[in-house]
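Under this note's numbering, the first residue of the sequence shown is numbered 1, with each subsequent residue one higher.
Quick reminder that beta carbons are idealized off the backbone N, C-alpha and C, glycines included.
The structure under discussion appears below in the form of structure tokens.
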Amino acid sequence: MSSLRGFGNIARRWRELNGANYWKGLLDPLDVDLRKNIINYGELSQAAYTGLNRERRSRYAGSCLFRRKDFLSRVDVSNPNLYEITKFIYAMCTVSLPDDFMIKPLSKAAWSKQSNWMGFVAVATDEEIVRPGSANDPRVHGGWLSVYTSTDPGSRYNEQSARYQVLDEVKRLQDLYKQEETSITITGHSLGAALATISATDIVSNGYNKTCPVSAFVFGSPRVGNSDFRKAFDSAEDLRLLRVRNSPDVVPNWPKLGYSDAGTELMIDTGESPYIKSPGNPLTWHDMECYMHGVAGTQGSNGGFELEVDRDIALVNKHEDALKKEYSIPPSWWVVQNKGMVKGKDGRWHLADHEDDDD
């Protein structure tokens, strides 16, 4: 696992590493501090998967498993003390998307029929702070936009859209820290990557960042908008995006016709890792832990693979079966203890897989 060692360099270079110069000279070969920075944000993105209740038989399916206060330590982020979560974000969708994108509970007593927990807003703690255009017709994918903007007046969680949950919290934090130098970084994987791209664009286009730079680090992102959206994104003065793509992953190729890639691309290839089964499959090619493994070891255009960041290879099997059998790591090993089943005082077992915030 990566430690805090070397984060001093990231503190000194944070503007450069967050794309002030569009990552020129840093991608091939991949700069070691940039590797650490990408993995740091990748772990925050992975946290949204690890913390999501995917058990459809639970009445809390689609919600977060853990409370905000100790969420980052519960999902095993390497350095949980670097950030404080200030708000959980919920979203819903009013158009059809693949089932895996939104988790719907089977229970008639479900916490919510429409909403899903989608992630969080966090601020850097003092420990982290020390390392600190125009287009004619920009359009984005209707499904991604629906998740970002849909509301339900009768919902406790989505009376306000994910969009305004984020924007209102960004505005509140900008006002709170108005005397300090700030930056905004957004991260996401897959659907979360598409939403991160839209949100970063929204924040800058509507001036919520005021004068601070906005960067996005996204992984396995489907395409978000048309060529005019890409032009609008790339021409924004304070907006940067690094799009990490695994060569065999099919998701970044979708949707095809009429869509363009925004931002700067970093191509990796987990097929070059000596630790991962070959050829793999669509699930392992797209897996977030496999992405971070690829970032840790990619050698760029020189080819080959060597771990430049000390990251435990066991994490590759956290949610998938990707490691070669010779490493003796069981597949999909990360589960909540007893899958959330708790024995009551009456001696009977019941599902207790949700924590309410106590602050």
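A residue is called buried when at least 16 other Cβ atoms come within 10 angstroms of its Cβ; Thr94 does not meet this threshold and is exposed. Here the C-alpha atom of Glu320 lies approximately 45 Å from the C-alpha atom of Gln179. DSSP, reduced to helix, strand and coil, places Ser260 within a strand of the structure shown.
Counting the other CB atoms within 10 Å of its CB gives Thr197 a total of 16 or more, which places it among the buried residues. DSSP, reduced to helix, strand and coil, places His293 within a helical segment of the structure shown.
Boundaries of the beta strand (DSSP E) harbouring Lys343: 341-343, taken from the DSSP string. DSSP places Met92 in the coil class of the three-state scheme, outside both helix and strand. Taking 8 Å as the cut-off, the beta carbon of Cys290 is found closer than this to the beta carbon of Val316.
Between the alpha carbons of Val77 and Ala122 lies a distance of about 13 Å. By DSSP's assignment, Trp349 forms a beta bridge with Lys343. For Thr187, the uninterrupted beta strand (DSSP E) run begins and ends at 184-189, by DSSP.
When the beta-carbon positions are compared, Trp334 and Lys343 stay at least 8 Å from each other.
A direct Cα-Cα distance of roughly 37 Å separates Ser278 from His354. Here DSSP, grouped into helix, strand and coil, assigns Thr298 to strand. Take Gly300, set aside five residues on each side of it, and the residues of its chain with a beta-carbon closer than 8 Å to its own are Leu27, Asp28, Pro29, Leu30, in chain order. The Cβ-Cβ distance between Gly119 and Gly192 falls below 8 Å.
Residue burial is scored here from C-beta neighbours: Asp356 has fewer than 16 other C-beta atoms within 10 angstroms and is therefore classed as exposed.
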